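Engineer: Taken in order, these protein sequences are the chains called A and B. In this text, residue positions in the first sequence follow my numbering: the first is 79, and each later residue adds one. In this text, residue positions in the second sequence follow my numbering: the first is 79, and each later residue adds one. This is the structure I want to talk about, given as structure tokens.
Protein chains: 2
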Amino acid sequence: MKPEVTLKKLAEMLNLSVSTISRALKDHPDISTETRTKVKELASVLEYEPNAYAIHLRTNNNKEFGIIVPAISSYFYRSFISSVEEEATRFGYSVIILQSGDDPVLEQKNLKKCKQNRVSGIFAAITSKTEDVQSFLKLENQQIPVIFFDKVPAFETCNKVCVADGLAASMAAEALILKKKQSVLSIFGNKNLSITKRRLKSYTDTFKKYQAGTEIFTFHAGNTEEAFQIVLEAFAGPSKPDAVFCMTDEILAGAMKAVQKLALRFPKDVGIITISDGYLPKIYYPEITYTETSGHKLGKLAFSRMLACIAGSTVAQELSIDSKLIEGGSL
Amino acid sequence: MKPEVTLKKLAEMLNLSVSTISRALKDHPDISTETRTKVKELASVLEYEPNAYAIHLRTNNNKEFGIIVPAISSYFYRSFISSVEEEATRFGYSVIILQSGDDPVLEQKNLKKCKQNRVSGIFAAITSKTEDVQSFLKLENQQIPVIFFDKVPAFETCNKVCVADGLAASMAAEALILKKKQSVLSIFGNKNLSITKRRLKSYTDTFKKYQAGTEIFTFHAGNTEEAFQIVLEAFAGPSKPDAVFCMTDEILAGAMKAVQKLALRFPKDVGIITISDGYLPKIYYPEITYTETSGHKLGKLAFSRMLACIAGSTVAQELSIDSKLIEGGSL
DNA sequence: CCTGTTTCCGCAAACGTTTGTTGTTTAAAA
DNA sequence: TTTTAAACAACAAACGTTTGCGGAAACAGG
Chain A
79 MKPEVTLKKL AEMLNLSVST ISRALKDHPD ISTETRTKVK ELASVLEYEP NAYAIHLRTN
139 NNKEFGIIVP AISSYFYRSF ISSVEEEATR FGYSVIILQS GDDPVLEQKN LKKCKQNRVS
199 GIFAAITSKT EDVQSFLKLE NQQIPVIFFD KVPAFETCNK VCVADGLAAS MAAEALILKK
259 KQSVLSIFGN KNLSITKRRL KSYTDTFKKY QAGTEIFTFH AGNTEEAFQI VLEAFAGPSK
319 PDAVFCMTDE ILAGAMKAVQ KLALRFPKDV GIITISDGYL PKIYYPEITY TETSGHKLGK
379 LAFSRMLACI AGSTVAQELS IDSKLIEGGS L
Chain B
79 MKPEVTLKKL AEMLNLSVST ISRALKDHPD ISTETRTKVK ELASVLEYEP NAYAIHLRTN
139 NNKEFGIIVP AISSYFYRSF ISSVEEEATR FGYSVIILQS GDDPVLEQKN LKKCKQNRVS
199 GIFAAITSKT EDVQSFLKLE NQQIPVIFFD KVPAFETCNK VCVADGLAAS MAAEALILKK
259 KQSVLSIFGN KNLSITKRRL KSYTDTFKKY QAGTEIFTFH AGNTEEAFQI VLEAFAGPSK
319 PDAVFCMTDE ILAGAMKAVQ KLALRFPKDV GIITISDGYL PKIYYPEITY TETSGHKLGK
379 LAFSRMLACI AGSTVAQELS IDSKLIEGGS L
């Protein structure tokens, strides 16, 4: 184990004190230019890198955020992360990404890791099984802000940023009404998720509001395969839907697979619409019409909220970004 | 800023010394069970969390790996990361994930961050523009192992783990020959990437070897859209291919979009085969036949290599994992 | 020559741990 | 009763930094 290059080592080699080295490296005016360059030269040939641990210990100021997500698999989370990373760098912060694998136990471990690393703040999307967010909220007392995003706790008052779930769903409903669809197979996600409930409510409310007389057949699919089966069965009967609504990309993938199997042409045989972050809709032809939920925008919003919290904002806020309809050719 | 709970604080509250607290918390036999429980109780009500920075500074033993990737967007990298994470936890390590955004400058920054954090080792997939990996290799002198994976430097001798690129391509070729395809539209990726070159060579070599008399039309697509256009044009002419080979998922997405636009039925009108990590092929119906490149397996391999390096293995090795054919219904 | 400023640099403490060593009790053995 | 060992806990140094403070040299103004 080669011993690491430290300030002390540099100091000894140059017959200077540690403090002088430290100051020289950061252009402190107390140090003569001559000494400064001498120190910097040696530091660079020896490839001195400051020890992050020592710095953080000493300064007690960890410019680092934790991002805890169920998984980095979805395009939505990835663009959220990239967006936060981008902002963070701009403000001299860095981020660590923790995956919970949708497992509350792992989630707790990740949270602990954040605490042990004394992060300056946490962005969290909780797992679908997380029931108790007290461990998150406790952090707030210790002055470390927690911004929940996307998958947020249902009841607690805390800082939440979300896509306008309701809006995205009702916009999709409006699009369906506009196209005069009569019979819409509507596939939503896991029944227990608050996001599902909100979207479902807005969706049905919108149909009621317009009194379009559209028949909507509501199903819940936990994954791609289930969505696949649902569509298959729906088209097996005598009365076939003239449109399919998918609540997520995951569901869309299953639905489209079924559409392919049934050799349905869209939009002719059936209209398709989904709520998405934008990747999957674009790989089909025609491209799928969707209402957008932008991880990128959400990241920006979450970050600005984080900065506000760090600056002292103490009241919990629930923010959301709006959605818009992106027309493909599928409806 | 609420002051953090430290050993010292606990010590004062219990009228014990810091060292006693430290030992009590880790069940050191020197400490009486009575004291131990007393300490642990207080620690838990105060939610004491050890300061990671102090520990690492003191012990100089950072059980942490860095993973540097161009982006976490591909399914392949994600499964690689998950796989490494999994192994890491098993061995008491943790990982930090750094994205370079395919930008060499950012890559260098990430590398520096790893150095400053004194990681125990680095897994790196270099960007497509990275030309000089000296900065990576220097780390090896400082006893911090670097395992390149997937996107590895072409010439330097260093630790590399890859999927058997050649194998995957030649297996795909064999599958095409077996199906007696006569005219194969073959779409490869960026011409300059070494992975493209290897796959292209193995692919064409295999056709030569079997002397099947298959006509292969080779194209290069840098992205999904280009692949889309290539397929469209290929089928615009009078002589239509009876199969399409895609080198990556990205290309597959474009090709399939074109297939949908042209309303081609597969495998009847045209056979499809691709090299993939397995996500995309499964969202189509019928599912696409592909030769597998498993990020998961690669992660395991890379990790075991890392452990060997840490244990003292000093010679550079180039390892690869094999591939296998996963039959969908598309060929 | 004596003050008063600059200019430059070193001393030392502190951040929160871990750990080798030393010290004090208590109880068992002689 | 004295000696010895075991049981328990405190002391102190160290990890690599940062930073307030103090101080020596050099130089200017009087």
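Glycine included, C-beta positions come from ideal geometry on N, C-alpha and C. These numbers come from a predicted model, not from an experiment.
In or out: T392(B) buried (at least 16 other Cβ within 10 Å) or exposed?
Structural biologist: With fewer than 16 Cβ atoms within 10 Å of its Cβ, T392(B) is classed as exposed.
Engineer: Roughly how many whole angstroms lie between the Cα atoms of I255(B) and E164(B)?
Structural biologist: Taking the straight line from one Cα to the other gives about 39 Å.
Engineer: Here's a check: name, in chain order, each residue in its chain whose Cβ is nearer than 8 Å to the Cβ of N140(B), leaving out the five neighbours to either side.
Structural biologist: Cβ within range, chain order: H134, N195, R196, V197, S198.
Engineer: How about the segment 324-335 of chain A and the segment 349-366 of chain A: do they share at least three Cβ pairs that are nearer than 8 Å?
Structural biologist: Because the criterion of three Cβ pairs below 8 Å is met, the segment 324-335 of chain A and the segment 349-366 of chain A touch.
Engineer: S264(A): which of T296(A), Y362(A), A394(A), K104(A) sits nearest, CA to CA?
Structural biologist: Ranking the options by Cα distance to S264(A), first place goes to T296(A).
Engineer: If you measure beta-carbon to beta-carbon, which residues of the segment 129-144 of chain A are closer than 7 Å to chain B?
Structural biologist: Within the segment 129-144 of chain A, the residues whose Cβ lies closer than 7 Å to some Cβ of chain B are N129, A130, Y131, A132, H134, L135, listed in chain order.
Engineer: To the nearest angstrom, report how far apart Q338(A) and G179(B) are at their CA atoms.
Structural biologist: Cα to Cα, the separation comes out at about 35 Å.
Engineer: What would DSSP say about Y357(A), mapped onto helix, strand or coil?
Structural biologist: Note: Y357(A) maps to coil in three-state DSSP.
Engineer: Could one say the Cβ of I404(A) lies closer than 7 Å to chain B's Cβ atoms, at least one of them?
Structural biologist: So no, I404(A) is outside the interface.
Engineer: Would you verify that the beta carbon of A331(A) is, or is not, closer than 7 Å to some beta carbon of chain B?
Structural biologist: Chain B contact via Cβ: present.
Engineer: Do S261(B) and D181(B) come within 7 Å of each other at the CB atom, strictly closer than that value?
Structural biologist: Going by C-beta atoms, D181(B) is not nearer than 7 Å to S261(B).
Engineer: State the Cα-Cα distance for the pair G406(B) and A246(B), rounded to the nearest angstrom.
Structural biologist: For G406(B) and A246(B), the distance between alpha carbons rounds to 16 Å.
Engineer: Would you kindly work out how many angstroms separate the C-alpha atoms of I388(B) and I225(B), rounded to a whole number?
Structural biologist: For I388(B) and I225(B), the distance between alpha carbons rounds to 11 Å.
Engineer: Report the residues of the segment 185-196 of chain B with a CB closer than 8 Å to any CB of chain A, ordered along the chain.
Structural biologist: Residues K190, K191, K193, Q194, N195, R196.
Engineer: So which residues of chain B does Q338(A) contact, with C-beta pairs closer than 7 Å?
Structural biologist: In chain order: Y362, Y363.
Engineer: State the Cα-Cα distance for the pair L41(B) and V117(B), rounded to the nearest angstrom.
Structural biologist: The question about residue 41(B) has no answer here: the residues shown for chain B are numbered 79 through 409.
Engineer: Determine the burial state of Q177(B): buried for a count of at least 16 other Cβ atoms within 10 Å of its Cβ, exposed for fewer.
Structural biologist: So Q177(B) counts as buried.
Engineer: For a contact meaning CB atoms closer than 7 Å, what does I175(B) contact in chain A?
Structural biologist: Those are I175, listed as they occur along chain A.
Engineer: Whole angstroms are fine: how far does the CA of H298(A) sit from the CA of R498(A)?
Structural biologist: Any question about residue 498(A) goes unanswered here, given that chain A covers just 79 to 409.
Engineer: Counting only C-beta atoms, is S151(A) closer than 7 Å to chain B at any point?
Structural biologist: Yes, its Cβ sits closer than 7 Å to a Cβ of chain B.
Engineer: If contact is defined by three or more beta carbon pairs under 8 Å, each pair taking one atom from either stretch, is the segment 365-372 of chain B in contact with the segment 233-249 of chain B?
Structural biologist: Flag = yes, the segment 233-249 of chain B and the segment 365-372 of chain B touch.
Engineer: Spell out whether any CB of chain B is found under 7 Å from the CB atom of K335(A).
Structural biologist: At least one chain B Cβ lies under 7 Å of K335(A).
Engineer: Count the other C-beta atoms from every protein chain shown that fall within 10 angstroms of the C-beta of A341(B), then say buried if there are 16 or more, exposed otherwise.
Structural biologist: That one is exposed.
Engineer: When the Cα of G267(B) is compared with those of M325(B), E185(B), K287(B), P128(B), which residue comes out closest?
Structural biologist: Residue M325(B) is the option with its Cα nearest to G267(B).
Engineer: Nearest CA to the CA of E142(B): which residue from Y153(B), I159(B), I174(B), T84(B)?
Structural biologist: Of Y153(B), I159(B), I174(B), T84(B), the residue nearest in Cα terms is I174(B).
Engineer: Counting only the same chain and skipping the five closest in sequence on each side, list residues whose C-beta sits under 6 Å from that of A333(B).
Structural biologist: A305, V309, V322, C324.
Engineer: Kindly indicate if chain B contains any beta-carbon less than 7 Å away from that of E311(A).
Structural biologist: It does not: the Cβ of E311(A) has no partner Cβ on chain B nearer than 7 Å.
Engineer: Y131(B) and Y131(A): beta carbons closer than 7 Å?
Structural biologist: A contact, by the Cβ cut-off of 7 Å.
Engineer: Mind listing the chain B neighbours of S198(A)? Cutoff is C-beta to C-beta under 8 Å, in chain order.
Structural biologist: The premise fails here: S198(A) is roughly 11 Å from chain B at the closest Cβ pair, so nothing lies under 8 Å.
Engineer: Please identify the residue among L85(B), Y357(B), Y368(B) whose C-alpha is closest to the C-alpha of M249(B).
Structural biologist: Cα-wise, what sits closest to M249(B) is Y368(B).
Engineer: What number of angstroms, rounded off, separates the C-alpha of I204(B) from the C-alpha of T284(A)?
Structural biologist: Rounded to whole angstroms, I204(B) to T284(A) spans 49 Å at the Cα level.
Engineer: Sort L124(A), L358(A), L397(A) by Cα distance to K87(A) and report the nearest one.
Structural biologist: Among L124(A), L358(A), L397(A), the Cα nearest to that of K87(A) belongs to L124(A).
Engineer: Is any beta-carbon of chain A found at less than 7 Å from that of E127(B)?
Structural biologist: Closer than 7 Å to some Cβ of chain A, the Cβ of E127(B) qualifies, so yes.
Engineer: In angstroms, rounded to a whole number, what distance separates the CA positions of C192(A) and I273(B)?
Structural biologist: Going by the C-alpha atoms only, they are around 38 Å apart.
Engineer: Over what stretch of residues does the alpha helix (DSSP H) that includes K238(A) continue unbroken?
Structural biologist: Segment 238-241 is the beta strand (DSSP E) holding K238(A); no alpha helix (DSSP H) there.
Engineer: If I follow the unbroken alpha helix (DSSP H) through L278(B), where does it start and stop?
Structural biologist: 272-288 is the span of the alpha helix (DSSP H), which, as asked, contains L278(B).
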